[in-house]
Structure formats: C-alpha cells, structure tokens
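Visitor: Sharing a structure with you now.
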Amino acid sequence: MTDLYPVNPAFAKQALVDQAGYEAAYRESIEQPEAFWAKAAQRLEWFKQPTQIKDVSYALEDFRIKWFADGELNASVNCLDRQLAERGDKVALLFEPDSPDTPSYGVTYRELHERVCKLGNALRNLGVKKGDRVTIYLPMIPDAAVAMLACARIGAVHSVVFGGFAANSIADRVSDCGSKLIITADEGLRGGKKVPLKHNVDAALKLPGTNTVETVLVVRHTGGAVDMQAPRDRWFHDVVDGQPAECEPERMNAEDPLFILYTSGSTGKPKGVLHTTAGYLLWAAYTHEVVFDLKEDDIYWCTADVGWVTGHSYIVYGPLANGATALVFEGVPNYPDVSRFWQVVDKHKVSIFYTAPTAIRALMREGDGPVKQTSRASLRVLGTVGEPINPEAWRWYYEVVGDSRCPIVDTWWQTETGGHLITPLPGATALKPGSATVPFFGVQPALVDANGAELEGAAEGNLVIKDSWPGQMRTVYGDHQRFIDTYFRTYPGSYFTGDGCRRDEDGYYWITGRVDDVINVSGHRIGTAEVESALVSHPKVAEAAVVGFPHDIKGQGIYAYVTLVAGEEQSEALLKELVAHVRKEIGPIASPDHLQWAPGLPKTRSGKIMRRILRKIAENAPDQLGDTSTLADPSVVDSLVSERKVK
Ligand code: 6R9
C-alpha cells in the first residue's frame, strides 16, 4: 500500500483551488476547451483580444498547432507595464548573490521596467529587429531576466544558453539559430568559483558558423579582466545606461516566437525548442499561480538556472506575469555550507520553495542538522521538478524541510511542454510520495503500449498527451519536419513525451523515466549521442557508446564505453584526458562518471550497438543481460563484464 497524504483542510480552505474546484475546472477544460481557454486568456493583457481560440490538428498530413491566433500582445508588457499601477514599488526580483557576505537587493517592478526599456532601446539601436535571434549567456543575476524581457519587448527571439556549457555548445546554438547579438558577462560566480563566461564566448566565436554575431554586450559583474575586441564587444553599461527609460513595445501576434531553448534528444544535436508568445505565457502564468497557490505576499523561490526551461517559466515569465516576488539565487546549495538554502529561506522569508530531487538527495545525505539549525517557519508550499523523486527523499523533504506542514507539488513537465502538465494542486490533491499525481486543466495524458494501443485503468506504458494545450512548443527551430517526426509520428494522433509511466488504481501517474536515449543527470537532459560524438572527436578514440546508470545523488550518471584506435594504449592518464575532453566539448554537466575501456562493443549482426546489454553491465547486473545470442560476437560481453570495475 502506498502512503497517502490527504489535503490539509486548513490549507484547502485558503487555497485558490480545492478538490471540488479542480474537478469542475478540469471537466470544463476537457468538455468545453474553447470556452475554458477563452476565459483563461483574460488573465493576459492584450493589444487585440483573440477571437480564434484553438486551431489544432495532430494529423501528419494536415498538421498545425495554433492558439489565440488572431490575438496581439507583448510578453514584457504583461510582465512589467501591467504591474506598474498596483505593484510599481513591489519587489519583482530579489537577488541573493553567491556569497552570503555580498549584500542582497531587490529590484522593483518599476526599476525592472526601466532596465528592460533601456536595454530594449539599446538593442534596437544596435540593429536588432523583430524576429532577430539574440543569445543570452549570463550568470544567475537580475540582468538575465532583464535581457530576456528586453528581447520580448522588441520582438527579438531569445536563446538562453546555460552558463555551464562550453565554447562548442555555445557555438552550436549560436550557429543553429543565426544569432545577431550575444549578451554575456565578464565572469559568473558559483560556489566561490569564477566561470569565464566572456572567455567562453570569445572561444565560441572563433568556431565556424558563428559569423552572424555582430555585437557582444558584456555585463560587468565580477570586474575580472576580459579581452574586449572592438568594434564587436561593447560594455553593457556603456550602451544601455544613457538610453531613454521608455521603450515602445512591439505588437506581437499570439503565435509569433518568444524564445528558442535548446534541449537534448535521442539523436543528433540538441533541438531548438520554439515557444510562441500567448499560449506559452498564459500556460506559465496560470500554472505558476494555481500549482503554487500563489498569494500577493508570497516570496517565491525557484532554485533553477534561467538556462533551463524551469528558469524561463518559473523564475521569469510565470512569476512576473503574476506580479509575484521571485528570488534569483546566484549560488549553489552547498556554499559556503550545506545549510545555505535554508538560511536564504529564513533571510528572505521564502514561502514557496521549488527545487530538484538531486538537490534534495544531496542535502539529505548531510543529515537533518543543517536544516534544523534554521527556522523555515515562512515556508508554505514546496515543489520539485526535473526527475522522479524517490519516496525516501520526498518524505525527508516533507518531514524535515517542511516540518510536515507544507504540501509538496511534484511537477512533471518538459522543455517542450512550456509548463507543468501533471502535478498536484496543493489545496486539491492528496499526495503520494513519488507520484506527480494528476493532470493540470486541459491536459489529457494516456498510456500506450509499444504498438500504440491505449491502455486502460491501472497500467504501465509510454506516456502520450492526446490533445494540445496552449503552452505546447510549436516547432523545432529551422526543422519543422524534425518536430513532427520526433513527437507525433511514433503514436499518430498524440504527442509522445519520451517518458515511461505507470498509472495506479486511483488514476495517479508515476513517471518511470525516459524510454529513449536521453539520460537525466541531476535533472539535466543529456543525449547519449552528444556524449558519444564528443568522445569520438578525440583522435585516439575509434568508437564510443554511452548509457545511463542509477546514481544515488544525480538520479542517473553517465557511463561511457570507449574503444581506442588500434595501437593506442589504455592508461589512467588517457582516461582523465577523455573525461576532460568531453567537459571541454560540451560542458561540465556532460562529464562521464565512469569510463570503461571496451576492446569491442556488443553489436547485432547488422552492426547496431545493443545498449540494453551495455546498460545492464553499467548497472552491474550481469545476471540480467538477457538474450545475447543475436550478437555478432557474444564473447565481447564476457570481457566487458569481467572488466567492469565498481567505483
Ligand atoms: C522541466 C524539465 C524533461 C524530462 C521529462 C522527465 C523528467 C521532469 C519530472 C520528471 C519525473 C517529475 N522530469 N519533471 N520526471 N517527475 N516531476 O525538467 O524539463 O529539462 O526538458 O526535462 O525530465 O523525464 O521528460 P526538461
């Protein structure tokens, strides 16, 4: 029997949505989607109200996804101008620096509006026009939100690249979307260490395909020395500070692009997930309010980085469209010590706290002491995102961090979905540790078997979503066919999530993890193909195969099998060199946790690598290898098993 944590009646009473409210709204959203979403769209401010609500077909020969197609609006107006009358002096962004010794400060809605307008004007002066792409490669500082919103204001499409990515990954993303301008900083700071952001941009712009970049704006953050190359590189403050504090917002069609965000898939290079303006913004704002039970006085903190979709939807667009106060944290959970998160919660009286299971597991390992030395009395709602949370970590989060007082919303969603799809509502949904529970309004999940047949009742299968929701991605930038093939061809008529899932007898959903060749490392998606191609780009590597394996803290770790070019010697030094090579090619998040020399890889007679077998060896479960008789050379398996060393 699974544990059930019923809704606290006192919480339900003050909540935006209780159980009856959820059930009624969910039913309406499915039975009368047009009426439901027409009403929901009223939470946005429009230049021109939409009259067309939903225009969707998943049929491959007649494919289209459009929401609010004749409406016009501007996302930055919704996040800023709209708040000025009532909330001009309210703190929009509360900045907590990497070091607790550096003063924190708040940026009000009025100040944020001014900063966004000035940058918007500066970008226009530099020739950035509606539809142009701008790459943002910044640390977790308020300027990251300013940069995103300034793009939105003038109709430029932002592409934020996570600060942990290396030069090659920046160059791939810049060249794929043909960015005209990059906004970066001299350096970032994380856990007391400097991240050479400008230096990485310089290296990226030496790589082929990046010559669309005309300007690099550099925020002076740490004051560290950087090379400024005239006329390309300009100090942000030189270009921005003298600009007028008003900037005419671009009138955007609901379906005009808002941003591109690259994410890993099972094949090839990362895909540019493209979100459009109205549907995305509505989804981010609506879910942010209802899922976190947001109230006017909440201090809301999401620990994600703006380089990921969670930072886009739940640090910038959702909270600001709702007029909330969002904390922006530059640092890491264990610096200067493992009590930092809870110290920050106390310092700023955080009431809603949203983080990843990997952080919870890492902090749980440090024991209850660092948590218990803080009060956390301000906390009201806790959230998790990024990967399945194991029930043990869930209970620790609930009992130790939340003092058995705060509901936990385990939010399942993806870069592609724009915002939460399966999630509890804290005043409406009884919780089960490890389950993302039930669908949000308008979301119709289903489970299918390998042949696409829908499974009824309690079952386990592949998770698909049967109809569109406003926050859905609209295309893969520059490759619409790849969008259709990746998500709509496997199970015709449905959106395929790439996740496996179980549904229990109460209709609760339990995500079991990716069913494709994507590894979820600390909540970050890494494609096995990307790591493999980084490894084989090393001159001494002939072939590589990469799989995920269970990892206590990270959820999954990266396990690489490497075959060397004939004549090259295996050595501890080369092993280190290859790990460093992957870090340099992709970034530290893709470092293999384990690298095993493989004189040969298990392949079928047609030459396909049998990853199923490699996964079992990586898991150290050689007794579960299954049928190996179809291999071209079954003996390679024995040698890999005997060479498997547990670290
Ligand atoms: C938001 C985000 C998406 C993948 C997704 C799934 C996993 C995210 C989860 C979860 C179980 C949750 N995932 N949230 N699995 N429970 N609450 O993380 O987007 O980086 O695109 O990753 O993450 O496997 O398919 P993204």
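So for the sequence shown, the UniProt record's numbering puts the first residue at 1; every next one is plus one.
Each residue gets a CB set at the ideal place from its N, CA and C atoms; glycine is no exception.
Please read all numbers here as calculations on a predicted model, not as lab measurements.
Between the Cα of A150 and the Cα atoms of S435, L421, Y354, C247, which residue gives the shortest distance?
Guide: Cα-wise, what sits closest to A150 is C247.
Visitor: Determine the DSSP secondary structure at T358, reduced to helix, strand or coil.
Guide: If DSSP states are grouped into helix, strand and coil, T358 belongs with the helices.
Visitor: Which word fits K647, buried or exposed, when buried means at least 16 other C-beta atoms lie within 10 angstroms of its C-beta?
Guide: For K647, the pLDDT reaches just 46, beneath the cut-off of 50, and the residue's location in the model is therefore unreliable, although a value from the coordinates is still provided. Flag for K647 reads exposed.
Visitor: Would the beta-carbon of T303 be found less than 8 Å away from any heavy atom of the ligand 6R9?
Guide: Every heavy atom of the ligand 6R9 is 8 Å or more from the Cβ of T303, so no.
Visitor: Within this structure, are the beta carbons of Q243 and A122 separated by less than 9 Å?
Guide: Cβ atoms of Q243 and A122: closer than 9 Å.
Visitor: Check this for me: beta carbons of V174 and T135, under 9 Å apart or not?
Guide: Yes, the pair counts as a contact, with Cβ atoms nearer than the cut-off.
Visitor: Buried or exposed: L640, going by 16 or more other Cβ atoms within 10 Å of its Cβ?
Guide: Classification of L640: buried, given that the 10 Å Cβ count is 16 or more.
Visitor: Between which two residues does the beta strand (DSSP E) holding I527 run?
Guide: At residue 527 the sequence reads Gly, which differs from the Ile that was named. It spans 524 to 527 - the beta strand (DSSP E) in which G527 sits, taken as one unbroken run.
Visitor: Which value, in whole angstroms, describes the spacing of the CA atoms of A428 and E296?
Guide: Between A428 and E296, the C-alpha separation is close to 20 Å.
Visitor: Taking 7 Å as the limit, tell me which residues put their C-beta closer than that to any heavy atom of the ligand COA, in chain order.
Guide: Absence of the ligand COA from the depicted structure is noted, with the ligand 6R9 being the only ligands included.
Visitor: In chain order, which continuous runs of the alpha helix (DSSP H) of length 4 or greater are located wholly inside the UniProt domain "AMP-binding enzyme C-terminal" (530 to 608)?
Guide: Listed in chain order, the complete alpha helix (DSSP H) runs (minimum 4 residues) inside the UniProt domain "AMP-binding enzyme C-terminal" (530 to 608) are 572 to 585.
Visitor: State the CB to CB distance for the pair L595 and L575, rounded to an integer number of angstroms; the pair is presumed to be in contact (CB under 8 Å).
Guide: That pair is a contact at about 5 Å.
Visitor: Hey, out of D627, N451, T415, G131, whose CA is closest to W308's CA?
Guide: Residue T415 is the option with its Cα nearest to W308.
Visitor: Since S639 is in the beta strand (DSSP E), which residue starts that stretch and which ends it?
Guide: Looking at the DSSP string, S639 is not in any beta strand (DSSP E); the run it does join, the alpha helix (DSSP H), is 635 to 643.
Visitor: Name the residue from G272, P333, G279, L94 whose alpha carbon lies nearest to the alpha carbon of W46.
Guide: With distances taken between Cα atoms, W46 lies closest to G279.
Visitor: Quick check: S266 and V547, are their CB atoms within less than 9 Å of each other?
Guide: No, the pair does not count as a contact, with Cβ atoms beyond the cut-off.
Visitor: Do residue 660 and R612 have their C-beta atoms closer together than 9 Å?
Guide: Only positions 1 to 647 of the chain appear in the structure, and residue 660 is not among them; the question remains open.
Visitor: Note down, in chain order, each residue of its chain lying with its Cβ closer than 6 Å to the Cβ of Q83, except the 5 sequence neighbours on either side.
Guide: Cβ neighbours of Q83 beyond the five flanking positions: Y109, G323.
Visitor: Using a Cβ-Cβ distance cut-off of 9 Å, determine whether K347 contacts chain C.
Guide: Of the protein chains in this structure there is only one, and it is not chain C.
Visitor: Express the C-alpha separation of A393 and R361 in angstroms, rounding to a whole number.
Guide: Straight-line Cα distance between these residues: approximately 6 Å.
Visitor: On the three-state DSSP scale, how would you describe L327?
Guide: Note: L327 maps to strand in three-state DSSP.
Visitor: How do the segment 554 to 566 and the segment 504 to 523 stand: do at least 3 beta-carbon pairs fall below 8 Å, yes or no?
Guide: Contact holds: three or more Cβ-Cβ distances are below 8 Å.
Visitor: Going by DSSP, which residues form a beta bridge with P445?
Guide: Answer by DSSP bridge pairing, in chain order: I465.
Visitor: If Y335 sits next to A75, beta carbons under 8 Å apart, how far is it from one beta carbon to the other, in whole angstroms?
Guide: That pair is no contact at about 33 Å.
Visitor: My understanding is that E585 touches A166, with C-beta atoms under 8 Å, so please give their C-beta distance in whole angstroms.
Guide: Rounded, the Cβ-Cβ distance is 7 Å, consistent with contact.
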